[in-house]
Amino acid sequence: MNLNTLAWRNLWRHKRRTLITASSIAFGVLLAVTFTGAGDYFYTRMIDAGANMGMGHITLAAPDFNRAPSSKKFLRQADQLQQQLAQIDEVKISMARIQGQAMFASAHKSTGGMFFAIDPEQENAESNLFIKAMIEGEIPTSAADKTIILGVDLARRLKLTMGKKVVYTTTDKHGDIVSAIARVGGLFQTGSNEIDGAVALLPLHTVQNVLGYKQDEVSVIAVILHDQRHSYQLRDSMQKMDSFSHIEVLNWQQTQPDLAGMIAVDKSSNYISQLLIALLVAAGILNTLLMSVLERKREFGVMMALGMSPRSLFVLVMLESFWLAVLGLLIGTIVTIPWYLFMSQTGIDLSAAYGDGFSFGGVLLDTVFKIRLFKESVIAILVGLFSLALLAGAYPAWQAGRTPPVESLKTL
Amino acid sequence: MESTIVELKKLSKIYQQGELEVKAVDDVSLTIKKGDFAALCGPSGSGKTSILNLIGGLDSPTLGDVFLDDIELGSLTHSELAEVRKNRIGFVFQAYNLIPVMTAYENAAFVLDLQGIEKNEIHDRVMQTLADVGLEGLEHRRPDEMSGGQQQRVAIARAIVTHPAIVLADEPTANVDSHTAEALLDLMQNLNQQHGITFLFSTHDQHVIDRARRIIRMQDGKVTADECRV
């Protein structure tokens, strides 16, 4: 009989114990999928939301703009840069924008805030979170429009309604103070007071004229990728390309360090939680196999007396660990699939606890708790738990061949 | 003249129990010839099982030498001893010690598998041996589906199927009733007489002692008598 068959049969000597241990592995799979899937989903949502709010997954900017934003720092030949970007497979869309600080004044009040000047032909609800969040009015029909889209809280503070005039004052490319008038053409509501009370959208060409920019001069080009996970290596490869060597190419971690920091901290605590779960599962496996080995001490003594080598006994117990892991992972997969399908498609609505939305690292998120796993995460979970199960079996396996046969045979 | 299978030369085994030294085997010299049907007998603690363990390479002597088929066991590594046990020695234990998840066939074939014998040959040898020990038709039964006597027959089959130089049987009849013990002894005697298999027993059982052609009596680790019966 080969060791594989013997190992499989040995597992079923104590059916209940084997099934309980396999179930603990299965539960580990479920938890790992939930924790990792929540991370994969939420981190991606946060990063995408952050990208859609302003700077994209990758940002092209004038040197030093990110560290110290200023109207004096701008990109030239934005059209050409966008043409170059269109040839990169990972790039979904690129959007030329101007952004800056401004004072917004109405007949009643004035307040500081931030503006994004956008080209309506390049942007839509999918690529721009503010457009998606519009509750009244429309986005400008052209980049030369004279309308402004305000956050609801900003409009409320300035006591402005649709059609009313607002003056915005900022600095131009030469550092001089400039002002312009716009009519309120729309309102957006993201749900975040910080954003709704301080942000406005303006037409790109209008702002170019106000700031003295040429038609192909902008603050940044925000690049949205098909998969945000490629931002890091794409940034590195783009920086080496001649087309982009004279400007700064930044990934979202650099343009949104607060978000990057918070995700990193959250990821770390996620990993620690998962490690603790994994250790508990490993302890269960170790306990089961060690008990099984100690119970069979005499039997192993007989096998060695008959000529089986300690190495073969080691392999036998490791195979038991292997099959236990396979069984656990199989049960885990069967149990987890329906859970994953539900959580990835429907999710759990947490709005009762969080309201309509909450912000994390300055980024707005919806309150439906979902999970989503990248292919690499699935492989990592399966390989990780499998390796852990084998590792947990190593000590019992080593124990199996350790006691001399004459000592083992004395065991009652 | 029969060849020597086992030779013990001034063999001693001393165990340390705390500060106390226990001489389980005390300066024993003897030989076992091919075809012997010999019994080591004596009271508990006389050194019978220790002698079997030393001959079987399960334990190492404190003093003296053990030769099995002219191989000096004391000079071998653990792996080499395992090889010797696999290829030259058959064991029959008091408690049968069959592997519970294996059938009678698989238990009997266990050592042949370890030896790497080809499957067809294993089948032929195991089936013949199981027939020889009276277990034809019971190949697919597991130990918990067999009586004590049947289990011990499987153990005997496992011990002899490899054609070992010697079969070491430690109290093989201790866990069966007298009727079954007699049947087992008939079997082993038959195997000895018809196939020339060498048996060395460690036993209290008078039935075994009565059947043995050579009786080696032990007391306090020493051989006190070594008688051959015609």
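Chains A and B, in that order, give the protein sequences.
In this text, residue positions in the first sequence follow the working numbering: the first is 1, and each later residue adds one.
In this text, residue positions in the second sequence follow the working numbering: the first is 1001, and each later residue adds one.
The beta carbon of each residue, even a glycine, is placed where N, CA and C say it ideally should be.
- Message: If you measure between the beta carbons of Ile131 of chain A and Val152 of chain A, is that distance less than 8 Å?
- Response: no
- Counterpart residues of Thr171 of chain A in DSSP-defined beta bridges: A:Ile177
- Message: Let me see if you follow: with CB-CB separation under 8 Å, is Glu1019 of chain B close to chain A or not?
- Response: no
- Item | Residue-chain proximity (Asn251 of chain A, chain B), Cβ-Cβ < 8 Å | no
- When DSSP builds the beta bridges, which residues end up paired with Leu1040 of chain B? B:Ser1202, B:Ile1216
- Among A:Leu81, A:Arg45, A:Gly401, A:Pro396, which has the Cα closest to the Cα of Met238 of chain A? A:Leu81
- State the beta-bridge partners of Pro203 of chain A as determined by DSSP. A:Ile118
- Message: My parser needs the beta strand (DSSP E) runs of 3 or more residues fully inside the region 91-168 of chain A; what are they?
- Response: 91-105, 110-118, 134-137, 147-151
- Item | Assigned exposure category for Pro140 of chain A - 16 Cβ within 10 Å defines buried | buried
- Message: Taking beta-carbon pairs under 9 Å, can you tell me which members of the region 281-303 of chain A lie near chain B?
- Response: Arg298, Glu299, Gly301, Val302, Met303
- Message: Three Cβ pairs or more, each shorter than 8 Å: is that satisfied between the region 26-41 of chain A and the region 208-222 of chain A?
- Response: no
- In the structure shown, what three-state DSSP assignment does Tyr1015 of chain B receive? strand
- Item | Tyr213 of chain A vs Phe74 of chain A beta-carbon contact at 8 Å | yes
- Message: Any beta carbon of chain B sitting closer than 8 Å to that of Met318 of chain A?
- Response: no
- Item | Alpha-carbon spacing of Lys72 of chain A relative to Asp172 of chain A, whole angstroms | 7 Å
- Nearest-angstrom Cα separation, counted from Leu1185 of chain B out to Gln1094 of chain B: 14 Å
- Message: Is Asp1069 of chain B close to chain A? Criterion is C-beta to C-beta, closer than 8 Å.
- Response: no
- Query: What residues of chain A sit near Arg990 of chain B, judged by a beta carbon separation below 7 Å?
  - Reply: Residue 990 of chain B is absent from the structure shown; chain B starts at 1001 and stops at 1230.
- Message: Between which two residues does the alpha helix (DSSP H) holding Phe300 of chain A run?
- Response: 297-305
- Query: Which value, in whole angstroms, describes the spacing of the CA atoms of Val1101 of chain B and Gln1206 of chain B?
  - Reply: 34 Å
- Task: State whether the region 90-99 of chain A contacts the region 21-28 of chain A, with contact taken as three or more CB pairs (one from each stretch) at a distance under 8 Å.
- Result: no
- Task: Flag Phe1199 of chain B as yes if its beta-carbon sits less than 8 Å from any beta-carbon of chain A, otherwise no.
- Result: no
- Message: In whole angstroms, give me the CA-to-CA distance for Tyr395 of chain A and Ala305 of chain A.
- Response: 22 Å
- Query: Which residues bound the alpha helix (DSSP H) around Asp1226 of chain B?
  - Reply: Here Asp1226 of chain B belongs to no alpha helix (DSSP H); instead the beta strand (DSSP E) covers 1222-1228.
- Item | Per-residue contacts from Ile1099 of chain B into chain A (C-beta, under 7 Å) | Glu299
- Would you mind working out which of A:Leu154, A:Leu19, A:Gln122, A:Ala133 sits nearest Ser142 of chain A, comparing C-alpha positions? A:Gln122
- Query: From this set, A:Phe374, A:Leu160, A:Phe369, A:Leu330, which residue's C-alpha is nearest Ser351 of chain A's C-alpha?
  - Reply: A:Phe369
- Ranges of the alpha helix (DSSP H) found wholly within the region 212-261 of chain A, counting only runs of at least 4: 231-240, 252-255
- Task: Using only alpha-carbon positions, find the residue among A:Ile263, A:Thr333, A:Ser127 that is nearest to Ile224 of chain A.
- Result: A:Ser127
- Item | Members of the region 1143-1175 of chain B that neighbour chain A once the beta carbon cut-off is set at 7 Å | none
- Check the DSSP bridge columns for Gly186 of chain A and list the partner residues they point to. A:Gly137, A:Ile149
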